[in-house]
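To start, the structure itself, in structure tokens.
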Amino acid sequence: MSLNGSLGESWARSGKVAARFMLKEIRDENGEVSQEKLDQIWPKLRVLARAQPSDKYTLVKGIIDSRLTDAREVVAVTGDGTNDGPALKKADVGFAMVSRE
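Here it is, written out as structure tokens:
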């Protein structure tokens with residue numbers, strides 16, 4: 001089992017792993033997400049910081065749609081607002097969180 005994270009926090013809070021992550025372009029020349037490019041990235045992804053709701057949805061959908069292995073990956077995602085609803089709904093497991101400061 002592997003654990004990958006998608007954080008809506010700052011790079012500093014995301015730790016050393018996030019600081020070492022190199023951003024990669026996954027969209028083709030028409031602005032569409034390339035499943036082939038996404039499949040090259042997501043297996044190595046450990047932390048995604050400052051993720052927008054659309055980024056979370058794209059990643060969740062891309063992992064679910066991936067055909068890198070015969071077995072489909074089980075995908076979990078966290079969200080902190082209604083704008084994360086599409087990613088939470090698409091994922092196999094969704095965690096909705098609220099901050100009480």
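Mapping of the sequence shown onto the UniProt record's numbering: position 18 corresponds to residue 18, and the numbering continues sequentially without gaps.
By construction, the Cβ of each residue, glycine as well, lies at the ideal position given by its N, Cα and C atoms.
Query, Result
"Same chain, Cβ closer than 6 Å to V93, neighbours up to 5 away in sequence not counted", "A76"
"Cβ-Cβ distance between Y57 and A91 below 7 Å", "no"
"C-alpha distance - D70 paired with I64, whole-angstrom precision", "12 Å"
"Inter-residue spacing [alpha-carbon to alpha-carbon] between N30 and K61", "19 Å"
"E101 to D55 span [Cα, whole Å]", "26 Å"
"D39 and S66 closer than 7 Å at C-beta", "yes"
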